[in-house]
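Asker: For reference, the structure I am asking about is given below.
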Amino acid sequence: MGLKEYVVRRLITAIPTLLAISVITFAIVHLAPGDPLQFFLALNPDTPPWMIEFLKRKYGLDRPLHEQYIKWLLMLLSGDLGYSYISGEPVSYMIGVRVWNTIKLTLTAELIALSISIPLGVISAVKSNSAVDHASRVFALMGVSMPVFWLGIMFIYVFSLWLGLFPTFGAATTGKVYSNIFEQWADELWHLALPALTLGLVRTAFLTRLVRSSVIGELQMDYVMTARMKGLKERVVIYKHVLRNALLPVVTVVGLSMGFMLGGAVITETVFAWPGMGRLAWWATLTRDYPVLMAITVIISTMVVLFNLVTDIVYALIDPRIKY
Amino acid sequence: MAAAPASTLWAVAWRRFKRNKLSLAGLAITVWLVVTAILAPYIAPYDPNKMHWGKEYMPPCPEFPLGTDEMGRDVLSRVIWGARTSLYVGFASVLLIAAIGVTVGAISGYFGGWIDEVLMRITDIVLTIPTIMLLILIASIFQVRSLNVIILAIGAVSWPTIARITRSQFLLIKELPYIDAARVAGLSHPRIIFRHILPNALPPIIVAATFDMASAILMEASLSFLGLGDPRVVSWGQMLSVGHTVMLHAWWVGTFPGLAIFVTVLGFNLLGDGLREALDVAMR
Numbered sequence: 006m007g008l009k010e011y012v013v014r015r016l017i018t019a020i021p022t023l024l025a026i027s028v029i030t031f032a033i034v035h036l037a038p039g040d041p042l043q044f045f046l047a048l049n050p051d052t053p054p055w056m057i058e059f060l061k062r063k064y065g066l067d068r069p070l071h072e073q074y075i076k077w078l079l080m081l082l083s084g085d086l087g088y089s090y091i092s093g094e095p096v097s098y099m100i101g102v103r104v105w106n107t108i109k110l111t112l113t114a115e116l117i118a119l120s121i122s123i124p125l126g127v128i129s130a131v132k133s134n135s136a137v138d139h140a141s142r143v144f145a146l147m148g149v150s151m152p153v154f155w156l157g158i159m160f161i162y163v164f165s166l167w168l169g170l171f172p173t174f175g176a177a178t179t180g181k182v183y184s185n186i187f188e189q190w191a192d193e194l195w196h197l198a199l200p201a202l203t204l205g206l207v208r209t210a211f212l213t214r215l216v217r218s219s220v221i222g223e224l225q226m227d228y229v230m231t232a233r234m235k236g237l238k239e240r241v242v243i244y245k246h247v248l249r250n251a252l253l254p255v256v257t258v259v260g261l262s263m264g265f266m267l268g269g270a271v272i273t274e275t276v277f278a279w280p281g282m283g284r285l286a287w288w289a290t291l292t293r294d295y296p297v298l299m300a301i302t303v304i305i306s307t308m309v310v311l312f313n314l315v316t317d318i319v320y321a322l323i324d325p326r327i328k329y
Numbered sequence: 163m164a165a166a167p168a169s170t171l172w173a174v175a176w177r178r179f180k181r182n183k184l185s186l187a188g189l190a191i192t193v194w195l196v197v198t199a200i201l202a203p204y205i206a207p208y209d210p211n212k213m214h215w216g217k218e219y220m221p222p223c224p225e226f227p228l229g230t231d232e233m234g235r236d237v238l239s240r241v242i243w244g245a246r247t248s249l250y251v252g253f254a255s256v257l258l259i260a261a262i263g264v265t266v267g268a269i270s271g272y273f274g275g276w277i278d279e280v281l282m283r284i285t286d287i288v289l290t291i292p293t294i295m296l297l298i299l300i301a302s303i304f305q306v307r308s309l310n311v312i313i314l315a316i317g318a319v320s321w322p323t324i325a326r327i328t329r330s331q332f333l334l335i336k337e338l339p340y341i342d343a344a345r346v347a348g349l350s351h352p353r354i355i356f357r358h359i360l361p362n363a364l365p366p367i368i369v370a371a372t373f374d375m376a377s378a379i380l381m382e383a384s385l386s387f388l389g390l391g392d393p394r395v396v397s398w399g400q401m402l403s404v405g406h407t408v409m410l411h412a413w414w415v416g417t418f419p420g421l422a423i424f425v426t427v428l429g430f431n432l433l434g435d436g437l438r439e440a441l442d443v444a445m446r
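Chains B and Y, in that order, give the protein sequences.
Our numbering numbers the first residue of the first sequence as 6 and each following residue consecutively.
Our numbering numbers the first residue of the second sequence as 163 and each following residue consecutively.
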């Protein structure tokens, strides 16, 4: 079977997964005790009964569950994400203005993480049990144990409040008029630095452990001894032979754990008041704004499914041993 | 034959475990935490909820070693009581995770066929939905936010890892000759699964459960920090969510609970690393 068929087949198998995710999301919200209108009613206790009836009909809450689900799914597929229970704004608009901020944050963090963890993990593995290895393992272990919100708070305290080097919140200076595009970039980068570093460092720790154990595993393979016996320079052995193979599982994990990354983004965005989807999800949770919450869950899950798909395809492309 | 008991898997593992100082540090931290949590009422200097009027935001001093918070409550006592909440959520979640994960994984690996197909599909789907989204979705639908809801949510999102590990162990072990012998001897499926396969499948499950303990504690802290925790109990995450707003003039309110979370999670991660090495479990 060719690569094209493989891609098509993987795309088709993603469909039931996506459907299942939408059913789970819908079921969690709608099978729960209490009705989505309750929070609204708690905020507006004087709502007259006819208004409650009207709202129920408007949001389709008087229909049987499976009908509600199918209606919601069809709306979702046509790109209509409904309206926020709280602000009345279209959900697609609320997410649209924030999605870029989340992507910017997670990609920058991932870039920071990869550029530190790969060299660090390789050095740590090659010079196993050296001082560098011990230091990097301690760093990695501390990093995976660090609550991301605490790290963020400490960064804000030290770098923003104490040293005054970085802003404490937001993705850009509010109300600032830029004279040129570079000034805008500089301002945005300045705001991005701390949140991206926070998310990136926790991620670095996780990836460093992975790269290290992957390289160590690879170094024990027979072909490494063959390469060394052939008289190849150690540098060639490591970079041309070992690293290529050792990074395969890393590629998979990086792709498969994008969901984890987006999860970390929810908390990081909350700490830094970063106007992204994660912070919106958090706010929607506190106010029980279900249309927003359901839309974000489905969108983020879809992103993860697509990432997994791309990972599988990339993996098949770079590893000739894989038969599709 | 006097040496026989000493050469069991567990004795060998303990000998290997003892050699690594970091593993011992992890064990020491976790034991210390468990003791603190159990003895909290006796070692905390004050009632964690007692408000000392007129003594709000006291910096660390002999009377209040870690200072007081915005309501004049003793931070040290609250950090000590917080260990109870964290460990309770951690242990209960891990029990739930292991119960679901082992059951799903054992059935899947042992019976195979379409049952395996269906269960692994479900496992993959749960793995796909980002943990924190599923977590806040579940936490948000309950009107009453109790620790049990949090435990339920953590269990519901975290079982797939152990399910997969259990399944792969079962796939390996069920092909061994002694399982064939058990089958020929006419033992029932549950007996083979629980008495003959599961004990040999345990090492990687135990290692995964230790890491799950660390992540369950982190999840509870994150939920509480986000304001989705149980408001009636003393929780490090909650202390931190108040503490971080007053960081500049009262750093001690947020710093110590944060440090407590960090040390606890570090302890369980060290223990997990140590167990992995001692039980000779391959990573992933």
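From the three backbone atoms N, C-alpha and C, an ideal C-beta is built for every residue, glycine too.
#1: Tell me whether R345/Y is buried or exposed, calling it buried when 16 or more other Cβ atoms sit within 10 Å of its Cβ.
#2: May I ask you to list, following chain order, the residues of the segment 200-229 of chain B that have a beta carbon less than 7 angstroms from some beta carbon of chain Y?
#3: Looking at the C-beta of V127/B, does it have a partner C-beta in chain Y at a distance below 7 angstroms?
#4: Is it buried or exposed for Y88/B, if we count other Cβ within 10 angstroms and need 16 for buried?
#5: Closest Cβ-Cβ distance between T323/Y and chain B: below 7 angstroms?
#6: Using a Cβ-Cβ cut-off of 7 angstroms (strictly less than) and excluding sequence neighbours within five positions of R217/B, which residues of its own chain qualify?
#7: Suppose you measure from the CA of R326/Y to the CA of E193/B; what does that come to, to the nearest Å?
#8: For the segment 309-321 of chain B, list every residue whose C-beta sits within 9 angstroms of some C-beta in chain Y, in sequence order.
#9: First and last residue of the alpha helix (DSSP H) that includes K180/Y?
#10: Could you confirm whether any beta carbon from chain Y is found closer than 7 angstroms to the beta carbon of S27/B?
#11: Do S377/Y and S386/Y count as a contact pair if the criterion is CB distance below 7 angstroms?
#12: Looking at the structure shown, is T173/B part of a helix, part of a strand, or coil, going by DSSP?
#13: Taking 7 angstroms as the threshold (C-beta atoms), are A210/B and G264/B in contact?
#14: Could you work out which residue in M266/B, Q189/B, I29/B is closest to L212/B when comparing CA atoms only?
#15: Using beta carbons (cut-off 7 angstroms, strictly below), is A412/Y in contact with chain B?
#16: Alpha carbon to alpha carbon, how far is S83/B from D294/B? Give it in angstroms, no decimals.
#17: D138/B by DSSP, collapsed to three states: which one?
#18: Is the number of C-beta pairs between the segment 418-430 of chain Y and the segment 399-410 of chain Y that are closer than 8 angstroms three or more?
#19: Alpha carbon to alpha carbon, how far is A32/B from W276/Y? Give it in angstroms, no decimals.
#20: By the DSSP assignment, the alpha helix (DSSP H) with A118/B in it spans what residues?
#21: Using DSSP bridges, identify the partner residues of Y88/B.
#22: At a Cβ cut of 9 angstroms, what residues of the segment 273-298 of chain Y count as close to chain B, listed as they run along the chain?
#23: Kindly indicate which three-state DSSP category D317/B falls into: helix, strand or coil?
#24: List the residues of chain Y that S306/B touches, going by C-beta distances under 8 angstroms, in chain order.
#25: Three or more beta-carbon pairs under 8 angstroms between the segment 250-261 of chain Y and the segment 312-325 of chain Y, yes or no?
#26: Please list, in chain order, the residues of the segment 282-297 of chain B that have any C-beta partner in chain Y closer than 7 angstroms.
Answerer: Looking at the coordinates:
#1: Here residue 345/Y is taken as the residue at index 183 of the second sequence, counted from 1. With fewer than 16 Cβ atoms within 10 Å of its Cβ, R345/Y is classed as exposed.
#2: Taking 7 angstroms as the Cβ-Cβ cut-off against chain Y, the residues of the segment 200-229 of chain B that qualify are S218.
#3: For this step, residue 127/B is matched to residue 122 along the first sequence. No, its Cβ sits nowhere closer than 7 angstroms to a Cβ of chain Y.
#4: Stepping through the first sequence from its first residue, residue 88/B is reached at position 83. A residue is called buried once 16 or more other Cβ atoms fall within 10 Å of its Cβ, and Y88/B is buried on that count.
#5: In the second sequence, the residue the question calls residue 323/Y occupies position 161. Not an interface residue.
#6: Here residue 217/B refers to the residue found at position 212 of the first sequence. Correct list, in chain order: G126, S129, A130.
#7: If you number the second sequence from 1, residue 326/Y lands on position 164. If you number the first sequence from 1, residue 193/B lands on position 188. Between R326/Y and E193/B, the C-alpha separation is close to 42 angstroms.
#8: Hits within the stretch, in order: V309, V310, N313.
#9: The residue labelled residue 180/Y in the question sits at position 18 within the second sequence. Run containing K180/Y: 171-181, per the alpha helix (DSSP H) assignment.
#10: The residue you call residue 27/B lines up with position 22 of the first sequence. Not one chain Y Cβ lies under 7 angstroms of S27/B.
#11: Within the second sequence, residue 386/Y is the residue found at index 224, counting from 1. Within the second sequence, residue 377/Y is the residue found at index 215, counting from 1. With contacts defined by Cβ atoms closer than 7 angstroms, S386/Y and S377/Y do not form a contacting pair.
#12: Here residue 173/B refers to the residue found at position 168 when the first sequence is read from its first residue. If DSSP states are grouped into helix, strand and coil, T173/B belongs with coil.
#13: On the first sequence, position 259 is the one that residue 264/B refers to. On the first sequence, position 205 is the one that residue 210/B refers to. No, the Cβ-Cβ distance between G264/B and A210/B is not below 7 angstroms.
#14: Position 207 of the first sequence, counted from the first residue, corresponds to residue 212/B. Of the candidates M266/B, Q189/B, I29/B, the one whose C-alpha sits nearest the C-alpha of L212/B is M266/B.
#15: Locating residue 412/Y in the second sequence gives position 250, counting from the first residue. It does not; no Cβ of chain B falls within 7 angstroms.
#16: For the purposes of this step, residue 294/B is identified with residue 289 of the first sequence, where counting begins at 1. For the purposes of this step, residue 83/B is identified with residue 78 of the first sequence, where counting begins at 1. Each residue's alpha carbon lies about 21 angstroms from the other.
#17: On the first sequence, position 133 is the one that residue 138/B refers to. Reduced to three states, the DSSP call for D138/B is helix.
#18: The segment 418-430 of chain Y, when compared against the segment 399-410 of chain Y, does touch it at the 8 angstroms Cβ threshold.
#19: As a working mapping, residue 276/Y is identified with position 114 in the second sequence. As a working mapping, residue 32/B is identified with position 27 in the first sequence. Per the coordinates, the alpha-carbon of W276/Y lies some 25 angstroms from the alpha-carbon of A32/B.
#20: Stepping through the first sequence from its first residue, residue 118/B is reached at position 113. Segment 96-131, the alpha helix (DSSP H) holding A118/B.
#21: For the purposes of this step, residue 88/B is taken as residue 83 along the first sequence, with counting starting at 1. Y88/B pairs with P95/B.
#22: Those residues of the segment 273-298 of chain Y that come within reach of chain B (Cβ to Cβ, closer than 9 angstroms) are R283, I284, D286, I287, V288, L289, T290, I291, P292, T293, I294, M295, L296, L297, I298.
#23: The count along the first sequence starts at 1 and reaches residue 317/B at position 312. DSSP places D317/B in helix when its eight states are reduced to three.
#24: What you label residue 306/B is simply residue 301 of the first sequence in a count that begins at 1. Ordered by position in chain Y, the residues that pass the 8 angstroms Cβ test against S306/B are T290, I291, P292, M295.
#25: Three or more beta-carbon pairs drawn from the segment 250-261 of chain Y and the segment 312-325 of chain Y are found closer than 8 angstroms, and the two stretches are therefore classed as touching.
#26: Of all residues in the segment 282-297 of chain B, only A286, W287, T290, L291, R293 place a beta-carbon less than 7 angstroms from a beta-carbon of chain Y.
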